[in-house]
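Asker: Here it is: the structure, laid out below.
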Amino acid sequence: MNVLVLHGPNLNLLGAREPEVYGRETLGAIDAMLEDEGRKLGIDVHTFQSNIEGELVTAIQDARGWADAIVINPAAYTHTSVALRDAIAAVGIPTIEVHLSNVYARELFRHHSYIAPIAVGQICGFGAEGYRLALIAASRLTKP
Ligand code: CA2
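Residues in the sequence shown are numbered from 7 upward in steps of one, following my numbering.
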């Protein structure tokens, strides 16, 4: 099984700023943890971070044909991006949305996700552990 893990804008700053909101782990450490977890689950994990909406759209389009599932933390694009939603819907790859923080315990503008209605499900509020939970959920999705 192949899983594409996508991280949206500013997540490259993890570990360096706002640890009280997003935790102390760096993105590199999260990716390494996911690759390790993937080996245990029999999943090849491919990770990609971008601050650029179009690069994330292209990564989603390019996943067609090889990725069995997508795990995505769209970060701020969660609340703004019709383009990411359309790309996920277009490729038809089962997608799990992840957020480090509990977005529903934060500002109102974070309560709306363009991605959630077309995702298999959403995991939020568990910090980096949420990515691991998403990978386990992905491993249990049945192939079409
Ligand atoms: O909780 C999450 O994972 C979010 O997707 C994070 C986004 C935020 O806009 C979403 O509402 C919820 C922000 C990512 C910014 O990442 C930073 C990491 C370290 C320091 C500053 C920002």
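Backbone N, C-alpha and C define an ideal beta-carbon position, used for all residues, glycine too.
With distances taken between CB atoms, is the gap from residue 2 to residue 51 smaller than 8 Å?
Answerer: Residue coverage of the chain in this structure runs from 7 to 150, which leaves residue 2 outside it and unanswerable.
Asker: Give me the Cα-Cα distance between residue 100 and residue 143, rounded to the nearest whole angstrom.
Answerer: Going from the Cα of residue 100 to the Cα of residue 143 covers about 11 Å.
Asker: On the DSSP letters alone, give me the boundaries of the alpha helix (DSSP H) that residue 139 sits inside.
Answerer: Its alpha helix (DSSP H) spans residues 135-145.
Asker: Cα separation between residue 21 and residue 134?
Answerer: Spanning the two alpha carbons is a distance of roughly 11 Å.
Asker: Give the secondary structure of residue 11 by DSSP, where H, G and I count as helix, E and B as strand, and everything else as coil.
Answerer: In the structure shown, residue 11 sits in a strand (DSSP, three-state: E or B).
Asker: On the DSSP letters alone, give me the boundaries of the beta strand (DSSP E) that residue 53 sits inside.
Answerer: From DSSP, the beta strand (DSSP E) with residue 53 extends over 50-55.
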